[in-house]
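Residue numbers (this note's numbering): 10 to 623.
1) Using the rule of at least 16 other Cβ atoms within 10 Å of the residue's Cβ for burial, across every protein chain shown, is residue 479 buried or exposed?
2) Using the C-alpha atoms, what's the distance from residue 73 back to residue 578?
3) To which residues of the same chain is residue 93 closer than 6 angstroms at the C-beta, ignoring the five residues directly before and after it?
4) Starting from residue 267, trace the alpha helix (DSSP H) both ways and give me its first and last residue.
5) Can you tell me the Cβ-Cβ gap for residue 512 and residue 483, rounded? I've got them flagged as a contact below 8 angstroms.
6) Would you say residue 514 and residue 527 are within 8 angstroms of each other, going by their C-beta atoms?
7) Pick helix, strand or coil for residue 537, following the three-state DSSP scheme.
8) Under 7 angstroms Cβ to Cβ from residue 346, same chain only, skipping five residues before and after it: list those, please.
9) As a quick exercise: from 497, 516 and 548, pick the residue whose alpha carbon is nearest that of residue 453.
10) Please return the same chain residues whose Cβ sits closer than 7 angstroms to the Cβ of residue 53, not counting the five positions on each side in sequence.
11) Could you tell me whether the Cβ atoms of residue 519 and residue 421 are closer together than 8 angstroms?
12) Going by beta-carbon coordinates alone, are residue 3 and residue 424 separated by less than 8 angstroms?
13) Suppose the cutoff is 7 angstroms on Cβ atoms and the five residues either side in sequence are ignored; what does the same chain contact list for residue 506 look like?
14) Quick one: is residue 140 buried, meaning 16 or more other Cβ sit within 10 Å of its Cβ, or exposed?
15) Please list, in chain order, all residues of the same chain as residue 138 whose beta carbon is under 8 angstroms from its beta carbon, the five residues on each side excluded.
16) Figure out for me which residue from 71, 205 and 276 has the closest Cα to the Cα of residue 89.
17) Can you find the residues in the same chain that come closer than 7 angstroms, C-beta to C-beta, to residue 534, ignoring five residues on each side of it along the sequence?
18) Going along the chain, which unbroken runs of the alpha helix (DSSP H) with 4 or more residues stay wholly within the region 285 to 320?
19) Using DSSP with H/G/I as helix, E/B as strand and the rest coil, what is residue 521?
20) Can you list, in chain order, the residues of its chain with a C-beta nearer than 7 angstroms to that of residue 208? Leave out the 5 residues immediately preceding and following it.
21) Expressed to the nearest angstrom, what Euclidean distance is found between the alpha-carbon atoms of residue 593 and residue 400?
22) Roughly how far, in whole angstroms, is the beta-carbon of residue 148 from the beta-carbon of residue 584, given that I think they are within contact range, below 8 angstroms?
23) Relative to the C-alpha of residue 218, which residue among 168, 182, 466 and 410 is closest?
24) Considering only the beta carbon of each residue, do residue 256 and residue 263 sit closer than 8 angstroms?
25) Count the C-beta pairs between the region 161 to 176 and the region 547 to 564 that are closer than 8 angstroms, then say yes if the count reaches three, no if not.
26) Considering only the alpha carbon of each residue, which of 334, 65 and 286 lies closest to residue 293?
27) Exposed or buried, which one is residue 173 when buried takes at least 16 other CB atoms within 10 Å?
28) Quick one: is residue 358 buried, meaning 16 or more other Cβ sit within 10 Å of its Cβ, or exposed?
29) Comparing C-alpha positions only, which one of 133, 365 and 339 sits nearest to residue 319?
30) For the region 389 to 408 against the region 28 to 41, do three or more pairs of beta-carbon atoms, one drawn from each stretch, fall closer than 8 angstroms, so that the two count as touching?
31) Looking at the secondary structure, which residues open and close the alpha helix (DSSP H) in which residue 95 lies?
32) Tell me which same chain residues have a C-beta within less than 7 angstroms of the C-beta of residue 6, skipping the five on either side of it?
33) Taking the beta carbon of residue 475 as the centre, do at least 16 other beta carbons fall within 10 Å, making it buried, or is it exposed?
34) I think residue 110 touches residue 448, with their Cβ atoms under 8 angstroms apart; what is that distance to the nearest whole Å?
35) Exposed or buried, what is residue 37 when buried is set at 16 or more other beta-carbons lying within 10 Å of its beta-carbon?
36) Out of 377, 586, 485 and 567, state which residue places its alpha-carbon closest to the alpha-carbon of residue 653.
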């Protein structure tokens, strides 16, 4: 037996598993196709680059577009050499690819194999921690210039209108009522009302200003009740006060919200090492939404080196068509994307929007995933013909938002601009099949706790290193108690997880909600310093801050791979990153060496494969 090496992976190299690995490899290849069409592979490395994908990228980079139009398919098309061509997968192809992913996820032998592989990853990590804890501590002490407080942490998922905690909002409201009661803040049929008059009419005396009466904390009454949670955005249970204090498109043109935002920005300046990616809504009610939002941001100078913006698109088409605000799903899409194509083609058409887009990094889509929806199929009407008062299913939203972002990114690339990412809310609750749609189209997702219910998808998310911005405190109040949260399990297996706050207004009590999230996770799940810093490093890599800035945070040179580790800046022991990469490469080899005819020549870290084989 001299010279023979032992590996548990060899036990999976059976002929009956070859079919499973081939299908898993096909799933990864399908995701890679969607990343290329949307140019999100410029934001995150695809784990596989096929020759035809490389040629497609080169074609996009060399293209010159002269015009655009909203096609009857519900997707914008670009004019190139006098012809309009749609350069994204069709809806039919998307559903066929989705059906394939779901069929793989439902295949029982695939479930068994993925369970074994994920358990192997988890047990390997637990053994590693038992044996290497002291060595990791020594490496941190001897090699690092940082500790957890001094490494950069990005709040990868937080909603702007809930970015402050309840005490902060209460103090702000109280200050305004005491000092600015004569501010004209609301228009009604009987005239314009001042702030003092609003509170008098609502019968809210100033001596009743306390956290409990503000009623914005989501405590015990919101579990499995997303409707009650949405009501927590209304201070004192009053939608009027939400409109005054937490909206930018109101009578006072968002003055109060801009002041609140600047106060939160100042807290970031004080903390120095915390950053955030704020979600702010565009509904698709009208094309003027973008102009109003960008004017509010630029006029109030709501730009900070600690903050980037993402647009969240609420999936409330059924509400808007019921209220007569739009006539079709296609009109909603046109309202969302038309201003972006116009300003990308001609920045001088709206300089404020053009400037705002330099601070915008991506798109999100949000709403209650637990709502029952019609099963997806290939015979849905096109968006211009969707005039039903029924909400389209999650998959329909995902496809059309993704496709229009993809075409917009193709135009942006031709203008030398950075592509936008697509990072939807997905897998918070509801049907786990949502995770299959996001697997194809999204750079990363928010939540993802439903991956615990589908091990093949969990394994695919691991192989593809798809980011999960998880929010255990939010989940604890809404859908899954903290002791059942899969975060520690995902982290042990090596999934690309980060911690995020979601809604500090509802879930947090301190001025530093992200640190609060980390500290509670550390106490509950006994995270080590290396664990905390690895999660923080993941948050930087998941974020869409400029790569040049991320390299500075991570201590990397201009030509270094962004995934490289520098313990002096990240405080993550190099042996931890080496261990994670070694396990990942082992799984990758199983899928693409055994499952595919040969290992792709352009696979990520192919040189590392040879190094680790030595």
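Idealized CB from N, CA, C, for every residue including glycine.
According to the data block:
1) buried
2) 41 angstroms
3) 86
4) 264 to 280
5) 6 angstroms
6) no
7) coil
8) 85, 413 and 417
9) 548
10) 452
11) no
12) With the chain represented from 10 up to 623, any question about residue 3 goes unanswered, as that position is not in the structure.
13) 477, 479, 496, 499, 500, 544 and 547
14) exposed
15) 537
16) 71
17) 497
18) 297 to 308
19) coil
20) 186
21) 40 angstroms
22) 6 angstroms
23) 182
24) yes
25) yes
26) 334
27) buried
28) exposed
29) 365
30) no
31) Run containing residue 95: none; DSSP gives neither H nor E here.
32) This structure does not reach residue 6, given that the chain is present from 10 up to 623, and the question cannot be answered.
33) buried
34) 6 angstroms
35) buried
36) This structure leaves residue 653 out entirely; the chain is present only between 10 and 623.
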